[in-house]
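Chains as they are written, first to last, in this note's numbering: chain R, 94 to 415; chain G, 322 to 681; chain V, 2 to 338.
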Amino acid sequence: MRTFVLRRMLEAIPVLFGVSALTFLLLQLAPGDFLDAFAENPSVSAAQLDQMSRNFGLDRPWAVQYALYVKNVLLHLDFGQSFSYHQPVFRVLWHGMGNTLLLAIAGACVTWGLALPLGLLAAARRGTWVDRVLSIGSFALLSLPEVLSGLLLLLFAFRTGWFPIGGMHDLDHDRMAFVPRVFDTLRHLVLPALVVGLVPLAARMRQMRSSVLDVLRLDWVTTARAKGLSERDVLVRHVLPNALNPLITLFGFTLGSLLSGAFVAEAVFAWPGLGSLTLEAIQRQDQYLVLGAVLMASAMLVAGNLVADLLLAFADPRVRHD
Amino acid sequence: MTDGVATTAGLSPAGRAWRALRANRAGSVAGTVLLVLYALAALAPFLAPYDEGDMDRLRFFHPSMPVHAGGWVEVTRPAAGAVNAYETVPGARAPLRWFVKGAPWKLLGLVPSDRHLFGVDAPARVYLFGADAMGRDVFSRLLYGAQVSLTVGLVGILISFTLGLLLGGLAGYLGGWVDTLVMRSAEVFLSIPALYLIVALRAAFPAHLSSRQVYVAIVVVLAFVGWASLARVIRGMVLSIRRAEYVLAAEALGMSRARVLVRHILPNTASFVIVAATVAVPGYILGEVFLSFLGMGVQEPAASWGNMLGAARSVSVLRDHPWLLFAPGAAIFVTVMTFHVFGDALRDALDPRQESGGRP
Amino acid sequence: MSETILEVRGLHTHFFTEEGVVRAVDGVSYALRAGETLAVVGESGSGKSVTALSILRLVASPPGRIVSGEILFRGADLLKLAEGDMRKIRGRRISMIFQEPMTSLNPVHTCGAQIAEVVELHEGLSRDAAHARAIEMLKLVGIPSPEQRANEYPHQLSGGMRQRVMIAMALACRPDVLIADEPTTALDVTIQAQILELLARLRRELGMAVLLVTHDLGVVAETADHVAVMYAGQVVEHAGVREVFARPCHPYTAGLLASLPRMGERRERLRVIPGNVPNPARFPSGCRFHPRCPVAIDRCRTEAPEVVTIAEGHDSRCWRAAELAAGTLDGAGGTRA
Numbered sequence: 094m095r096t097f098v099l100r101r102m103l104e105a106i107p108v109l110f111g112v113s114a115l116t117f118l119l120l121q122l123a124p125g126d127f128l129d130a131f132a133e134n135p136s137v138s139a140a141q142l143d144q145m146s147r148n149f150g151l152d153r154p155w156a157v158q159y160a161l162y163v164k165n166v167l168l169h170l171d172f173g174q175s176f177s178y179h180q181p182v183f184r185v186l187w188h189g190m191g192n193t194l195l196l197a198i199a200g201a202c203v204t205w206g207l208a209l210p211l212g213l214l215a216a217a218r219r220g221t222w223v224d225r226v227l228s229i230g231s232f233a234l235l236s237l238p239e240v241l242s243g244l245l246l247l248l249f250a251f252r253t254g255w256f257p258i259g260g261m262h263d264l265d266h267d268r269m270a271f272v273p274r275v276f277d278t279l280r281h282l283v284l285p286a287l288v289v290g291l292v293p294l295a296a297r298m299r300q301m302r303s304s305v306l307d308v309l310r311l312d313w314v315t316t317a318r319a320k321g322l323s324e325r326d327v328l329v330r331h332v333l334p335n336a337l338n339p340l341i342t343l344f345g346f347t348l349g350s351l352l353s354g355a356f357v358a359e360a361v362f363a364w365p366g367l368g369s370l371t372l373e374a375i376q377r378q379d380q381y382l383v384l385g386a387v388l389m390a391s392a393m394l395v396a397g398n399l400v401a402d403l404l405l406a407f408a409d410p411r412v413r414h415d
Numbered sequence: 322m323t324d325g326v327a328t329t330a331g332l333s334p335a336g337r338a339w340r341a342l343r344a345n346r347a348g349s350v351a352g353t354v355l356l357v358l359y360a361l362a363a364l365a366p367f368l369a370p371y372d373e374g375d376m377d378r379l380r381f382f383h384p385s386m387p388v389h390a391g392g393w394v395e396v397t398r399p400a401a402g403a404v405n406a407y408e409t410v411p412g413a414r415a416p417l418r419w420f421v422k423g424a425p426w427k428l429l430g431l432v433p434s435d436r437h438l439f440g441v442d443a444p445a446r447v448y449l450f451g452a453d454a455m456g457r458d459v460f461s462r463l464l465y466g467a468q469v470s471l472t473v474g475l476v477g478i479l480i481s482f483t484l485g486l487l488l489g490g491l492a493g494y495l496g497g498w499v500d501t502l503v504m505r506s507a508e509v510f511l512s513i514p515a516l517y518l519i520v521a522l523r524a525a526f527p528a529h530l531s532s533r534q535v536y537v538a539i540v541v542v543l544a545f546v547g548w549a550s551l552a553r554v555i556r557g558m559v560l561s562i563r564r565a566e567y568v569l570a571a572e573a574l575g576m577s578r579a580r581v582l583v584r585h586i587l588p589n590t591a592s593f594v595i596v597a598a599t600v601a602v603p604g605y606i607l608g609e610v611f612l613s614f615l616g617m618g619v620q621e622p623a624a625s626w627g628n629m630l631g632a633a634r635s636v637s638v639l640r641d642h643p644w645l646l647f648a649p650g651a652a653i654f655v656t657v658m659t660f661h662v663f664g665d666a667l668r669d670a671l672d673p674r675q676e677s678g679g680r681p
Numbered sequence: 002m003s004e005t006i007l008e009v010r011g012l013h014t015h016f017f018t019e020e021g022v023v024r025a026v027d028g029v030s031y032a033l034r035a036g037e038t039l040a041v042v043g044e045s046g047s048g049k050s051v052t053a054l055s056i057l058r059l060v061a062s063p064p065g066r067i068v069s070g071e072i073l074f075r076g077a078d079l080l081k082l083a084e085g086d087m088r089k090i091r092g093r094r095i096s097m098i099f100q101e102p103m104t105s106l107n108p109v110h111t112c113g114a115q116i117a118e119v120v121e122l123h124e125g126l127s128r129d130a131a132h133a134r135a136i137e138m139l140k141l142v143g144i145p146s147p148e149q150r151a152n153e154y155p156h157q158l159s160g161g162m163r164q165r166v167m168i169a170m171a172l173a174c175r176p177d178v179l180i181a182d183e184p185t186t187a188l189d190v191t192i193q194a195q196i197l198e199l200l201a202r203l204r205r206e207l208g209m210a211v212l213l214v215t216h217d218l219g220v221v222a223e224t225a226d227h228v229a230v231m232y233a234g235q236v237v238e239h240a241g242v243r244e245v246f247a248r249p250c251h252p253y254t255a256g257l258l259a260s261l262p263r264m265g266e267r268r269e270r271l272r273v274i275p276g277n278v279p280n281p282a283r284f285p286s287g288c289r290f291h292p293r294c295p296v297a298i299d300r301c302r303t304e305a306p307e308v309v310t311i312a313e314g315h316d317s318r319c320w321r322a323a324e325l326a327a328g329t330l331d332g333a334g335g336t337r338a
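The following block contains the structure:
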């Protein structure tokens with residue numbers, strides 16, 4: 094088990110190297126750089142521009158820049174300076190990562206929190222109107238992309254006034270006590286989390302339903318019924334744990350779409366996450382910030398896959414004891 | 322069941338799939354809707370009463386107009402003392418005229434004409450779905466936008482799947498360092514969440530491009546996103562197919578490796594690839610929508626469903642002029658839904674073993 | 002003679018499929034006496050397992066449904082019980098074990114937990130007490146080092162061990178009736194013998210009745226007191242085990258017996274009854290066995306035979322039962338070597 098974890102972690106390193114190199118290359122292909130904006134500013138002299146260019150290493154060939162970057166990351170965990178924030182990239186991204194993680198987890202809670210019981214229900218009531226209504230409803234949700242559901246929920250928030258229309262906090266958040274503060278954040282979180290969670294819901298529900306149906310066909314379900322267990326106990330104690338195993342693998346596969354969904358929700362609801370930072374950084378050609386953001390997003394994805402693998406190994410005694 | 326087999330026994334696999342697809346009611350309906358959608362896009366300049374950039378500075382945010390029985394719309398004018406509010410001119414009617422002369426256009430860029438399906442006499446205007454912030458006709462822009470939004474994903478997927486098919490095929494068939502290189506690269510691409518990759522790729526192009534250049538840029542961006550996951554699956558399939566006896570036979574006959582791969586191995590993945598591509602189309606369409614929504618894709622005044630949605634982003638628009646959200650929103654919803662239904666039916670017809678999947 | 006504890010009367014269980022109604026069980030009756038073993042014998046597809054599942058009302062529904070009949074347990078009709086009351090019967094008064102020990106145990110729970118679950122459910126034992134009972138049961142079914150085995154998962158055990166765990170689970174509440182549906186079919190021959198021996202010992206020790214569903218007449222001879230032979234959804238012969246072996250009164254039973262390998266007899270190959278079990282969606286007219294029957298007469302093709310009683314406790318569903326009983330006709334077709 095421990096060697097398995099270690100091996101998976103080591104495998105992630107070259108992947109992240111590849112991600113950084115790819116992103117670096119793409120940013121080099123982009124015409125112009127951060128200093129273009131300054132160059133148009135008449136109060137900045139050519140000497141100053143030169144100075145800044147040297148400071149940020151923009152005058153060196155890109156291979157040298159990349160080598161320097163890798164060296165700094167490895168030796169000092171220094172992901173470079175953000176040109177526009179005048180702060181280390183890591184410090185800028187730190188909060189964004191936390192916020193994106195919060196949003197992605199909340200979105201996953203929406204998806205799985207609805208998909209598991211609804212999928213179980215659809216399977217248990219297979220062929221009835223409950224099953225059909227769930228299937229049609231999930232299909233409609235599947236066809237409602239995040240951009241659209243985001244704007245519709247924004248409209249909803251606006252019309253009803255029940256939810257804030259963007260951002261993560263009210264203006265007086267910092268003056269609140271702890272509990273109202275948490276409540277404030279949660280209130281801001283609800284709609285973006287729905288945006289992240291609703292699109293994948295349909296697919297997860299379908300998979301849960303078919304997974305439960307697969308298990309319901311198996312012999313031990315009859316054994317459980319023959320014991321005198323109620324249908325509810327059969328489903329919860331015997332079917333559910335087995336039906337979940339294939340879905341745990343899926344959980345890993347879907348992390349990427351979760352982060353992409355969070356990206357859209359952040360853009361629509363002005364949620365100050367990694368996605369918003371990335372967009373902003375790209376617009377300002379803040380090279381190291383983009384690089385750092387893409388790296389962090391990938392690291393989250395890779396780490397999430399690792400966690401999913403571990404969960405799977407932990408959940409299935411047949412894997413756990415190998 | 323057995324009857325079905327008997328009547329399709331003499332058909333090619335494609336013919337059999339076609340029958341199965343025709344027999345699937347939801348699939349046939351979806352297929353027809355798709356054809357209609359693409360026909361609407363192709364005929365956009367003819368069907369649209371106005372050009373996509375045709376502005377009317379007197380009619381910003383004009384609401385949609387109902388067409389009255391008998392084929393006329395009301396004539397409106399700006400309401401006195403109010404902003405973006407309009408009142409009907411009492412008693413005035415603007416009859417819809419058919420096949421009117423208007424802005425010149427070319428069918429599929431070739432056949433020139435200046436006829437439009439319908440229109441009203443200037444200075445009155447017909448706004449079936451209302452007007453946007455520039456007084457441009459949303460209905461016309463929706464049709465023009467379909468030209469971009471419906472095709473960009475399709476072209477993107479064509480390139481991306483060709484790449485994935487070839488790279489995955491080569492990796493599986495040749496093995497060795499080719500395999501390692503392709504699969505490691507695929508892993509890198511798969512480790513970046515799709516939208517992060519999309520915007521990073523977009524950043525490699527200049528921010529301001531002509532509408533034609535933007536089109537190419539978006540296609541290239543989308544092509545780079547989807548190849549990796551497909552290459553991975555194709556590699557796995559090729560690994561099992563290359564041991565098949567007909568492949569060994571082809572090799573024994575002295576065929577070149579490229580020929581064996583292209584003629585004998587890859588065709589066996591066709592039904593999987595076709596289904597996977599159809600199921601993936603909505604994701605690609607949404608890629609364009611998202612880029613344009615963010616202002617990184619198709620630029621005004623050219624229309625795309627994405628930048629039309631982007632124009633509906635502000636709170637004041639949502640509050641006062643919600644048709645700017647509903648019109649492109651409904652178009653996107655219908656298109657995505659239709660592709661999903663069609664993809665499902667296609668999967669049932671071509672490749673019943675495949676699990677129902679999600680999105681890229 | 003002991004009292005009848007479980008009686009199936011005129012049971013019809015049908016499956017409503019797209020291809021039509023499948024009459025898997027079509028008027029089955031048999032009786033099980035307290036403390037005895039009744040073997041229900043038949044080829045696969047004869048409806049013997051569906052009958053067994055019907056007793057516990059575990060037939061998958063849809064598509065299956067018990068259409069009519071009675072299942073009397075200690076005189077009360079199980080088919081009339083509310084689902085909640087039926088659950089109090091399952092696992093507590095009537096237990097069941099299945100053919101495939103590899104798949105009959107839930108892979109995500111330990112063996113001990115699965116046994117403990119029954120006693121927790123029916124006897125309200127605490128978790129610890131139930132675990133102790135589980136270990137006790139594992140010991141009873143002859144599993145070595147039961148304390149350790151209780152904490153292991155099914156995949157860590159061999160097939161024979163798993164079937165022992167299934168038996169331990171079924172017997173944990175000391176039921177009156179154990180339904181064993183092909184309990185040894187999936188096991189090696191040596192293990193088969195051990196499991197049958199175990200079942201026989203437990204029956205003696207615990208004094209329960211066993212309904213043994215099997216396709217193997219060899220198993221029947223060693224363990225059963227009575228036999229019900231099933232064919233095409235019906236019982237075709239019902240008798241004491243000695244009676245059946247000595248004087249089979251249905252050509253199908255005779256055919257099954259003829260296909261058994263005998264001690265001291267050298268044969269090129271085992272004789273099997275030619276033909277297949279009929280499709281239960283389209284039974285043949287008349288006697289359902291007539292297309293395969295070596296002694297069928299014209300009447301068999303048109304008229305379905307009723308059950309006739311040949312002797313006390315010996316029934317047969319055959320027009321020529323009297324001839325077979327009198328020994329003037331060889332049911333296996335007169336070609337017995």
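The beta carbon of each residue, even a glycine, is placed where N, CA and C say it ideally should be.
Q: May I ask you to list the residues that DSSP assigns as paired with G440(G)?
A: R418(G)
**Q.** chain R within 7 Å of Y517(G), Cβ atoms only
**A.** yes
(Q) Closer than 8 Å is the cut-off here; do at least three beta carbon pairs connect the segment 278-293 of chain R with the segment 227-239 of chain R? (A) yes
(Q) Restricting to Cα atoms, I'd like to know which of Y407(G), H389(G), H585(G) and L582(G) is closest to T397(G). (A) Y407(G)
Q. Looking at the structure shown, is D189(V) part of a helix, part of a strand, or coil, going by DSSP?
A. coil
Q: List the endpoints of the continuous alpha helix (DSSP H) containing A296(R).
A: F271 to L309
Q. Whose CA, out of G36(V), G113(V), A297(V) and A222(V), lies closest to the CA of E324(V)?
A. A297(V)
Q | Bounding residues of the beta strand (DSSP E) (the contiguous stretch that carries I6(V)) | A | T5 to T18
Q.
Tell me the DSSP secondary structure of E269(V) in three-state form.
A. In this prediction, E269(V) has a pLDDT of 49, which is less than 50 and means its spatial position is unreliable; what the coordinates show is noted afterwards. It is coil, neither helix nor strand.
Q: Whole angstroms is fine: what's the gap from I144(V)'s alpha carbon to M162(V)'s?
A: 7 Å
(Q) Check whether chain G comes within 7 Å of F183(R), counting only Cβ atoms and requiring the distance to be less than that. (A) no
Q: Return helix, strand or coil for P279(V), following the three-state DSSP convention.
A: coil
Q.
Tell me which residue opens and which closes the alpha helix (DSSP H) that A360(R) is part of.
A. L348 to F362
Q) R505(G) versus chain R: which residues are under 9 Å apart at the beta carbon? A) P107, V108 and G111
Q. Where does T329(V) fall in DSSP's three states?
A. coil
Q.
Counting only Cβ-Cβ distances shorter than 8 Å, please list the residues of the segment 573-595 of chain G near chain R, keeping chain order.
A. none
Q) Cα separation between Y178(R) and S146(R)? A) 16 Å
**Q.** Environment of V142(V) [buried if 16+ CB atoms lie within 10 Å]
**A.** buried
Q. Does the Cβ-Cβ distance between V278(V) and E20(V) come in under 7 Å?
A. no
Q. L188(V) versus chain R: which residues are under 9 Å apart at the beta carbon?
A. Those within 9 Å of L188(V) in chain R number zero; the least Cβ separation is about 15 Å.
Q.
Is the beta carbon of A229(V) closer than 7 Å to that of V220(V)?
A. no
Q | Cα-Cα separation, A573(G) to E566(G) | A | 10 Å
Q | Distance between P281(V) and T323(G) (C-alpha atoms, nearest Å) | A | Legend: pLDDT at T323(G) = 39, less than 50; position of this residue unreliable, no value from coordinates given.
**Q.** the segment 598-630 of chain G: positions lying closer than 7 Å to chain R by Cβ
**A.** L607, V610, F611, F614, L615 and L630
Q) Do V715(G) and A524(G) have their C-beta atoms closer together than 7 Å? A) Residue coverage of chain G in this structure runs from 322 to 681, which leaves residue 715(G) outside it and unanswerable.
Q: For the beta strand (DSSP E) containing V42(V), list its first residue and its last residue.
A: T38 to V42
Q | 7 Å Cβ cut-off: residues of chain R touching A633(G) | A | L244
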